[in-house]
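Numbering (the numbering used here), first residue to last: 1036 to 1249.
In this text, a Cβ means the ideal position worked out from N, Cα and C, and glycines have one as well.
Here it is as structure tokens:
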């Protein structure tokens, strides 16, 4: 149970990226009144939480109806998370958890950034959605597994909201170097979790003789 909680917290924190989101939020709203920034942060967090909760709880059953096995989900999810982890470790511009140049240009012209780009794709992006589905599938055999994953998601989203509310202060205090160090540390942890998910998916797929489905 503790292992599932720690894995879920680490994976959600790495794929949702609260620190990166807070830094970008600060750059998008530098002259906005505090009350307006707070309203946007709360709305974006609620929208992103609803999207991620939907995929975490119902993503697996929907894929099962489409004939997608748990092994295939683990393998695909592991590959996606590994790509995100590599982007985090090497701080690649325009990576899987960053905005593309057209998205960034559109975000700069918007007065309300709550839905786009903050709620999605920054917070509730493809990586975080895949992580929710994958974590639920891995915890399906454990008592209260789904509850632990959802509770971990809630904890990360609460931390995300706190960082968004303090985005301007966080951007001034941390600096670029500290932000990159933190992101790379979580990138390394996410890479290890992604490779383990990939190993589990291949083992359970039956592709290796004597392993998984006969």
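**Q.** Separation of residue 1086 from residue 1174, as counted between CA atoms
**A.** Using only the alpha carbons, I get a separation of about 20 angstroms.
Q: Look at the alpha carbon of residue 1131 and the alpha carbon of residue 1176, and state the distance between them as a whole number of angstroms.
A: For residue 1131, the predicted structure reports a pLDDT of 48, less than 50, and the residue's modelled location is therefore unreliable. A value from the coordinates is still provided. So the two alpha carbons sit approximately 30 angstroms from each other.
Q. If we call anything under 9 angstroms between Cβ atoms a contact, is residue 1232 one with residue 1113?
A. yes
Q) How long is the line joining the alpha carbons of residue 1156 and residue 1162, rounded to whole angstroms? A) Their Cα atoms are separated by approximately 10 angstroms.
Q. Would you call residue 1100 buried or exposed, if buried means 16 or more other Cβ atoms sit within 10 Å of its Cβ?
A. exposed
Q. Touching or not, the region 1209-1228 and the region 1078-1092, by the rule of three or more beta carbon pairs under 8 angstroms?
A. no
Q) With distances taken between CB atoms, is the gap from residue 1214 to residue 1065 smaller than 9 angstroms? A) It is not a contact, given that the beta carbons lie outside the stated cut-off.
(Q) Judging by CA-CA distance, which residue of 1042, 1049, 1172 is the nearest neighbour of residue 1124? (A) 1049
Q) Smallest Cα separation from residue 1055: which of 1199, 1039, 1237? A) 1199
Q: Grab me the residues of residue 1051's own chain with a C-beta within less than 7 angstroms of its C-beta, minus the 5 sequence neighbours each way, in chain order.
A: 1158, 1163, 1191, 1195
**Q.** residue 1206 beta carbon less than 9 angstroms from that of residue 1083
**A.** Cβ atoms of residue 1083 and residue 1206: not closer than 9 angstroms.
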